[in-house]
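First the structure, in the form of structure tokens, and then the observations on it.
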């Protein structure tokens, strides 16, 4: 398993321009595969347009207590990018006046931002319909100062969305590191104990599955059924929904694909699984992604590739809903990951 981020290793793939070069050249440049732009043009869906903002996704920092093999954020303990309280306040100002009904806090491990609790407390006062925190679960057991996170989440009615690569120790630890599975199980039991994930509870607990290798996720409903049975039978754990998310060919997953000589095969698989019906509901059309330093992107993946929104408005401090709505979405070949099969978004399948 990778022990350091691409940045720490000074990998060429730590450079977003190098990633975009790889995604634009080779099989796409020589015409073996159509570019994403040409593919969506075939079904008269180019350019992709932003619709009304529904989800504000805020990345509060790339610092994390894990270094997962497929992390598209390239997060880890060595990443020091952290959102300041000043930028958080600018986000709060926007949350207060925007029409967005969902606030989605992500990282890294968002809980490691020193102002995380202050931000949650302030944001919960605004009255967002769905307040999501994306937790890697192990952070809850990483240090005593995080042990009360389940109670904190409950107090503010936070919707916990947690990464869980598999219901077995072997597959989970292979992707996320030794000991991750056991800590994740303990954290899920802690959340269940106070009501999260229980059948009639309004304390939402959802899990996120992404494949452990160079293949696409299976059917989301079937996977959810398997996860629910295995976790209940083996650990008496319950949760509400499972989101199956396709690994996008960027950052550490792109590094893995190249190192394992699976890059071209994976891109062929994504293009062959392209589903025009999934294009209409891709997350970039109703989501705005805010980086740790306040810059605006169409999605979390574009943020990691440093592809800012196509708008005069580039930063959360100059937010203007009228100027952002209807903008052209910035695309590249990684977008095939969100339109393969049943489609993929931070909320799971889209088609």
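Residue numbers (the UniProt record's numbering): 1 to 351. Where a beta carbon is used, it is the ideal one built from N, C-alpha and C, also for glycine.
- Residue burial annotation: residue 183 is buried, with at least 16 other C-beta atoms found within 10 angstroms of its C-beta.
- The alpha carbon of residue 8 has as its nearest neighbour, out of 44, 74, 19, 46, the alpha carbon of 74.
- Excluding sequence positions up to five before and after residue 46, its CB lies within less than 7 Å of the CB of 37, 40, all in the same chain and listed in chain order.
- Taking 7 Å as the cut-off, the beta carbon of residue 214 is found closer than this to the beta carbon of residue 257.
- Using a 10 angstroms sphere on the CB of residue 99, the tally of other CB atoms stays under 16, which defines it as exposed.
- Shown here, residue 80 sits in coil according to DSSP, grouped into three states, outside any helix or strand.
- Beta-bridge annotation (DSSP): residue 131 is paired with 103.
- When DSSP states are grouped into helix, strand and coil, residue 51 belongs to the coil group.
- Closest option to residue 259, judged by alpha-carbon separation, among 28, 208, 70, 60: 70.
- Around the CB of residue 88, 16 or more other CB atoms lie within 10 Å, so the residue is classed as buried.
- For residue 14, there is no enclosing beta strand (DSSP E), as DSSP marks it with neither H nor E.
- Here the alpha carbon of residue 315 sits roughly 17 Å from the alpha carbon of residue 50.
- Residue 272 has its alpha-carbon roughly 47 Å from the corresponding atom of residue 145.
- Looking at 262, 228, 109, the one whose alpha-carbon comes closest to that of residue 61 is 109.
- One thing to note: residue 158 has its Cβ within 7 Å of the Cβ of residue 131.
- Residue 104 counts as buried, since no fewer than 16 other beta carbons sit within 10 angstroms of its beta carbon.
- Distance from the CA of residue 28 to the CA of residue 35, rounded to the nearest whole angstrom, comes to 6 Å.
- Cα atoms of residue 181 and residue 169: separation of roughly 5 Å, rounded to the nearest angstrom.
- Taking each of 201, 254, 14, 126 in turn and checking the Cα distance to residue 334, the smallest one comes out for 254.
- Note: residue 63 is bridge-paired with 76 in the DSSP secondary-structure output.
- Judged by DSSP in its simplified three-state form, residue 95 adopts helix.
- In the DSSP assignment, residue 163 falls within the beta strand (DSSP E) that extends over 159 to 163.
- Here the alpha carbons of residue 267 and residue 161 stand approximately 28 Å from one another.
- Just so you know, the alpha carbons of residue 166 and residue 137 end up roughly 13 Å apart.
- For residue 58, the secondary structure class from DSSP, reduced to helix, strand or coil, is strand.
- Taking C-beta atoms as the reference points, residue 341 and residue 242 fail to come closer than 7 Å.
- Taking the Cα of residue 79 as reference, the smallest distance to any Cα among 5, 119, 244, 249 is reached at 5.
- Residue 81 and residue 291 have their C-alpha atoms spaced approximately 10 Å apart.
- Distance from residue 48 to residue 328 at the Cβ level is roughly 7 Å; contact confirmed, criterion being Cβ atoms closer than 8 Å.
- The C-beta separation of residue 296 from residue 250 comes to about 18 Å, leaving the pair out of contact by the 8 Å criterion.
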